[in-house]
Each structure stands twice: as structure tokens, then as C-alpha cells.
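2 protein chains.
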Amino acid sequence: MSDTLQTERTRVRRLPNRGAYDRDTINAIIDEALICHVGFVVEGKAAVIPTIHWRDGERLYLHGSVASRMLRSLDRGVEACVTITLLDGLVMARSAFHHSMNYRSVVVYGTAQQVTDREEKLRALELLVEHVCAGRTRDARRPNEQELRQTIVLSLPIDEASAKVRSGGPGDDEEDYALPIWAGVIPLRLVAQSPISDERLTNGIPIPDYATDYRRY
Amino acid sequence: MSDTLQTERTRVRRLPNRGAYDRDTINAIIDEALICHVGFVVEGKAAVIPTIHWRDGERLYLHGSVASRMLRSLDRGVEACVTITLLDGLVMARSAFHHSMNYRSVVVYGTAQQVTDREEKLRALELLVEHVCAGRTRDARRPNEQELRQTIVLSLPIDEASAKVRSGGPGDDEEDYALPIWAGVIPLRLVAQSPISDERLTNGIPIPDYATDYRRY
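Residue numbers (this note's numbering), protein chains in the order written: chain A, 23 to 239; chain B, 23 to 239.
Given below as C-alpha cells:
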């Protein structure tokens with residue numbers, strides 16, 4: 023229990039055996055996912071916005087335009103609930119009732135802080151590019167001062183969090199196993215297709231390996 | 023403007039040219055996606071939970087256990103923000119700053135109503151199975167009375183909603199096009215792998231075509 027991220031709020035209530043609270047499980051899900059959904063309260067009501075996230079150690083990062091309502095809300099100290107979900111498969115049980123999905127999800131609750139130090143911000147934005155595509159930082163033009171000013175980077179501590187994971191085949195009621203109905207799992211995977219070069223690309227620039235061989239895991 | 027789902031709250035503020043408010047665009051995204059992220063307020067703070075959704079006409083459906091905190095909150099009249107995101111690709115610009123993602127997302131705000139009528143509930147749960155896997159309803163055992171009692175089905179009107187879509191290649195600053203940096207798009211797709219039959223499957227039951235040929239679009 024020395025490094026559990028469980029709190030009363032992050033305790034998985036429904037199907038608690040699917041819950042996990044250790045950093046390794048939580049970090050692996052955060053790192054594989056390309057997008058998160060950020061929930062925050064606006065005028066007493068919830069708003070949920072999809073965005074890119076990344077991680078550095080025990081902190082979760084978000085970024086965007088200085089004009090973003092979400093980032094401005096979080097920067098004012100509004101608490102965020104950041105939820106990240108990876109879909110792994112469709113679980114087809116014999117009964118409609120026991121149909122399910124295999125997934126890995128993480129919920130992080132926290133209050134964001136803005137990264138204002140120039141070097142820290144540059145480093146954070148490099149980690150973002152590397153999170154999305156390892157190797158890309160070497161090639162891409164770095165942010166200039168104006169671009170840095172136009173970008174807000176926020177980070178949240180990954181202190182109050184939980185993972186929820188379902189894997190494996192269907193769990194049917196005992197009497198249903200005798201039914202003549204196919205049951206099993208259809209695995210799902212986010213797969214990269216062949217890269218499409220920009221039509222204005224200068225002749226002779228090859229497609230880098232990190233694009234040709236892109237994969238999340 | 024006769025069938026726009028735009029309200030002050032659903033108006034896309036950031037990059038408004040990516041916004042759409044017509045039912046066809048919104049419905050297509052809802053129908054392709056397998057999961058949504060439901061935001062709601064608990065004790066003054068936002069919570070975001072991933073779950074399966076489906077659509078019937080102009081209403082969006084959610085379901086789950088009668089023990090689900092989310093469904094019980096929504097059933098008490100707490101407003102929901104349901105966000106659905108499809109990730110279509112990674113956009114690699116010449117500058118780190120202009121890196122982006124291609125995506126299609128929908129946000130629906132609304133207050134849920136519980137489906138209590140037995141026939142309506144059965145029909146809704148059939149549509150759920152068909153949303154996830156067209157053709158599966160013919161095979162799966164239908165819910166019995168106990169299963170129906172254990173399941174809450176809620177629906178929200180799709181009246182206050184917006185879509186946001188980015189597609190196409192990178193948009194770099196004019197002076198960056200001359201840089202010797204590869205730029206383009208890495209398309210991403212949620213792909214089904216070969217079905218894995220349940221280990222307790224009775225001999226001789228073939229894998230149905232809807233599982234072998236599973237695809238979202």
C-alpha cells in the first residue's frame with residue numbers, strides 16, 4: 023500500500039476486482055493512449071473535451087492554445103478529471119446481458135499547475151512530440167518564442183488515480199454454456215496505415231522509419 | 023439553420039471552422055464509435071466515465087448496472103456531457119507547433135430519462151447489441167426478467183450537440199515549407215483481429231461472419 027493512488031474517490035466501486043491503483047499499471051495505460059478526455063465544471067455543469075496528454079514521471083501534462091476555454095478553466099484552479107481509455111476487444115457472451123468489452127482505462131483527479139519556466143516548457147513540449155511519435159523531435163522545427171507564448175502547458179500530479187481493466191473471454195451464466203451460440207472475443211487494435219506524405223513536400227525527403235513503422239505497442 | 027444543434031454552449035469556439043451542427047455529421051460519428059466518455063458533476067466536481075453508447079433516432083442511449091454511480095446520478099436528473107471521439111491520424115508538420123491529430127468528435131449535453139417500459143427497454147438493449155455488432159441479436163440469448171431488472175437504460179435527447187472534425191494534411195507556416203523535414207499524415211484505424219472463440223465453446227459451433235468480418239466502417 024506504500025504507493026497506491028487509491029482514495030475514496032478513485033476506489034473502483036463497480037466490479038472492484040477490475041480496479042488497480044499502482045503506478046506501473048496506470049502509467050502503462052497513460053503512455054499507450056494518444057488521447058484523453060478532460061472533465062471540468064463550467065457554471066455548475068460538466069464539460070468533457072478530448073485532447074492529447076503525455077506524462078513525465080509522476081505528472082500528467084495537457085497543452086493547447088492560450089485561447090482554450092478548458093485550459094483557462096483549469097489554469098484558474100478548476101479541478102480536472104482526466105479519463106483515458108484503450109479499447110481492446112468486444113466480448114461476445116452467449117447471453118446479450120453478459121456481452122462486454124475488454125478495455126484498460128485510467129481516471130486521474132487533480133488540480134493543474136501551469137508550466138511557465140521557458141526551459142521546462144520546451145522540455146515538456148518535446149516530451150509531447152515524443153509521446154505521440156518517438157523520434158520525431160530530432161526532425162521537427164522547435165517552437166519559437168511566439169509559438170511558446172501562444173501555448174499553455176499544464177501539469178497535474180498523478181496522485182489520486184485508478185485503473186480499471188477487463189480482459190479475457192466472456193463470463194456466461196452456467197446454464198447458458200450448453201446453448202448452441204458462438205461466444206468469444208473480437209480483439210480490436212488501433213493500427214497505423216501507410217504514411218501519406220504532404221503534397222507540398224520537397225522532392226527527395228524520405229518517409230522516416232518512425233512513420234513507416236509506427237505502432238503504439 | 024432549421025436543424026442545427028448549435029447552442030451557445032455547443033458552439034465550437036476554438037477553430038470554429040472545424041465545427042458542425044447538423045444531425046448527419048453528428049449521427050455518423052455517434053454510430054461509428056464504440057465508446058463515449060460521460061461527464062457529470064459529483065459533489066461539485068466533474069467525473070468522467072467511459073462507457074458504451076448507442077443511438078435510436080434523435081436520442082442517445084446509455085446503460086449499465088442499477089449499482090452504477092454514474093447511471094444513478096444521471097437518473098436523478100444530473101446533466102450529462104457525453105463526448106465521443108474517433109481518432110483518424112497523426113498529423114506531422116514541419117514545425118513541432120503545427121503537429122496535430124485528425125479526429126472526429128461529438129459533444130452532447132443533456133438530461134437523461136430512464137427507459138422503464140419493458141418492451142421499450144428490450145428494444146433499446148437489442149439496438150445496443152446491434153450497434154456493437156450488427157447481426158448478433160439473432161444469436162444471443164435475450165435478457166430475462168432478472169437481467170432486465172438489474173439493468174438501467176437511460177436516454178438523452180440529441181438536441182444540444184456539436185461535432186468537431188479535423189482532416190487532411192499539415193498546415194505549416196509558409197516559410198517552413200522549404201525546410202528539409204518530412205511532413206504528412208500517419209492514418210490510424212481501429213481494426214478487428216481474428217476472433218478468439220471461448221475455450222468453453224461447444225464443439226462444432228462456427229465463428230459467425232459478423233465476427234470474422236468485423237469492421238466499424
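Built from N, CA and C at the ideal position, the CB exists for glycine as well.
Could you work out which residue in the options is closest to residue i when comparing CA atoms only?
| i | options | result |
| --- | --- | --- |
| B:G190 | B:G111, B:R140 and B:V128 | B:G111 |
| B:R126 | B:R237, B:E54 and B:E196 | B:E54 |
| A:T73 | A:H59, A:G79 and A:R211 | A:H59 |
| B:E197 | B:I106, B:V64, B:H153 and B:S117 | B:S117 |
| B:Y83 | B:C155, B:E221, B:G132 and B:T26 | B:G132 |
| B:L109 | B:I218, B:R211 and B:R238 | B:R211 |
| B:C100 | A:G66, A:G226 and A:E169 | The question names Cys, yet the displayed sequence has Val at residue 100 of chain B. The residue with the shortest Cα to Cα distance from B:V100 is A:G66. |
| B:T159 | B:E167, B:I48, B:R171 and B:L144 | B:L144 |
| A:S95 | A:E169, A:E167, A:F62 and A:A162 | A:F62 |
| A:Q215 | B:P217, B:R222, B:I218 and B:G206 | B:G206 |
| A:A68 | B:T47, B:T105 and B:P217 | B:T105 |
| B:V154 | A:V213, A:P217 and A:I208 | A:I208 |
| A:G41 | A:N225, A:V187 and A:R222 | A:V187 |
| A:H85 | B:C103, B:D97, B:V64 and B:F119 | B:F119 |
Is there a Cβ from chain B that is less than 8 angstroms from the Cβ of residue i?
| i | result |
| --- | --- |
| A:R188 | no |
| A:R145 | no |
| A:P228 | yes |
| A:S184 | no |
| A:E101 | yes |
| A:T224 | yes |
| A:A42 | no |
| A:T107 | yes |
| A:G112 | The question names Gly, yet the displayed sequence has Leu at residue 112 of chain A. True, the Cβ-Cβ gap to chain B drops below 8 angstroms. |
| A:V154 | yes |
| A:M63 | Just to set this straight, residue 63 of chain A is Val in the shown sequence, not Met. So, interface residue. |
| A:D161 | yes |
| A:H75 | no |
| A:Y239 | no |
| A:A134 | no |
| A:G66 | yes |
Measure the alpha-carbon distance for residue i versus residue j and round it to whole angstroms.
| i | j | result |
| --- | --- | --- |
| B:R77 | B:D231 | 24 angstroms |
| A:N39 | A:A185 | 11 angstroms |
| A:I180 | A:V130 | 6 angstroms |
| A:Y239 | B:P228 | 31 angstroms |
| B:A156 | B:D194 | 42 angstroms |
| A:H121 | A:M114 | 5 angstroms |
| B:T107 | A:N124 | 18 angstroms |
| A:I52 | A:E148 | 17 angstroms |
| B:H75 | A:L170 | 38 angstroms |
| B:T26 | B:N49 | 13 angstroms |
| A:M23 | A:T29 | A caution first: A:M23 carries a pLDDT of 39, below 50, which makes its placement in the model unreliable, though a value can still be read off. If you take the alpha carbons of A:M23 and A:T29, they lie about 12 angstroms apart. |
| A:R164 | A:L150 | 12 angstroms |
| A:V128 | A:N225 | 43 angstroms |
| B:D97 | B:D161 | 31 angstroms |
| B:L93 | B:Q168 | 18 angstroms |
| A:N166 | A:R222 | 22 angstroms |
| A:I218 | B:V64 | 44 angstroms |
| B:V70 | A:L56 | 17 angstroms |
Please report whether the beta-carbon of residue i lies at a distance below 8 angstroms from any beta-carbon of chain A.
| i | result |
| --- | --- |
| B:L176 | no |
| B:T32 | no |
| B:R45 | no |
| B:S95 | no |
| B:W204 | yes |
| B:H85 | no |
| B:Q215 | yes |
| B:E221 | yes |
| B:Y236 | yes |
| B:D231 | no |
| B:P209 | yes |
How would you label residue i, buried or exposed, when you count the other beta carbons within 10 angstroms and need 16 or more for buried?
| i | result |
| --- | --- |
| B:E80 | exposed |
| A:D220 | buried |
| A:Y236 | buried |
| B:T173 | buried |
| A:A200 | exposed |
| A:A233 | buried |
| A:D44 | exposed |
| B:E182 | buried |
| A:P202 | exposed |
| A:D46 | exposed |
For residue i, which residues in chain E fall below 7 angstroms Cβ to Cβ?
| i | result |
| --- | --- |
| A:T26 | This model lacks chain E altogether, as its protein chains are A and B. |
Count the CB pairs spanning the region 83-100 of chain B and the region 29-38 of chain A that are closer than 8 angstroms, and state whether there are at least three. yes
Whether or not the region 131-148 of chain B and the region 170-177 of chain B are in contact is what I'm after, with contact meaning three or more pairs of Cβ atoms, one per stretch, closer than 8 angstroms; do they touch? yes
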